[in-house]
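Spelled out as structure tokens, the structure:
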């Protein structure tokens, strides 16, 4: 079921959002200061390709909070907006509701990725 969900996810906007993350990662990786942000963007691109079957655990400390503030100002808010738009578009139909919910979860993660970790579900 995860495989089918991920394939449909790619068709309904996941591929476009993943390519957007990769582009952001390239732009942020130009400078040494932006390199940690670029690496995080590449991790988000990878997660966006196959989000079903994974759980996000939030955490972190002061360093993660500071990094998340810079992240939100530079790229987080507009990437989260992309997920919200995709989520609203997916929620139009009954079949798209699980994909819309997944988009909203990814929107929250795209606002605060530092200090969070992604784990595969065992089921």
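In full-length UniProt numbering, the protein residues as written are 1 to 123.
We put the beta carbon where it would ideally sit given N, CA and C, even for glycine.
Bear in mind that the values here come from a model prediction, so they are computed numbers and not experimental data.
Between residue 55 and residue 17, the beta carbon gap of about 19 Å keeps them out of contact (Cβ cut-off 8 Å).
Following the DSSP letters along the chain, one finds residue 57 inside the beta strand (DSSP E) bounded by residues 54–57.
If the five residues before and after residue 58 are omitted, its C-beta is found closer than 6 Å to the C-beta atoms of 116, all from its own chain and listed in chain order. Shown here for residue 6: same chain residues with a beta carbon closer than 6 Å to its own, the five before and five after excluded, namely 50 and 52 in chain order. Per DSSP, residue 118 is one residue of the beta strand (DSSP E) stretching across 117–120. Per DSSP, reduced to three states, the secondary structure at residue 66 is helical. The beta carbon of residue 8 lies closer than 8 Å to those of 99 in the same chain, with the five residues before and after it left out.
Contact check for residue 79 against residue 24 passes: the beta carbons are separated by less than 9 Å. Burial state of residue 1 is exposed, judged by a 10 Å Cβ sphere holding fewer than 16 other Cβ atoms.
Secondary structure of residue 114 (DSSP, three-state): coil. Contact between the segment 27–35 and the segment 87–105 is absent: fewer than 3 CB-CB pairs across the two stretches fall below 8 Å. Rounded to the nearest angstrom, the gap between the Cα atoms of residue 39 and residue 66 is 16 Å. Annotation for residue 20: the continuous alpha helix (DSSP H) segment containing it runs 15–28.
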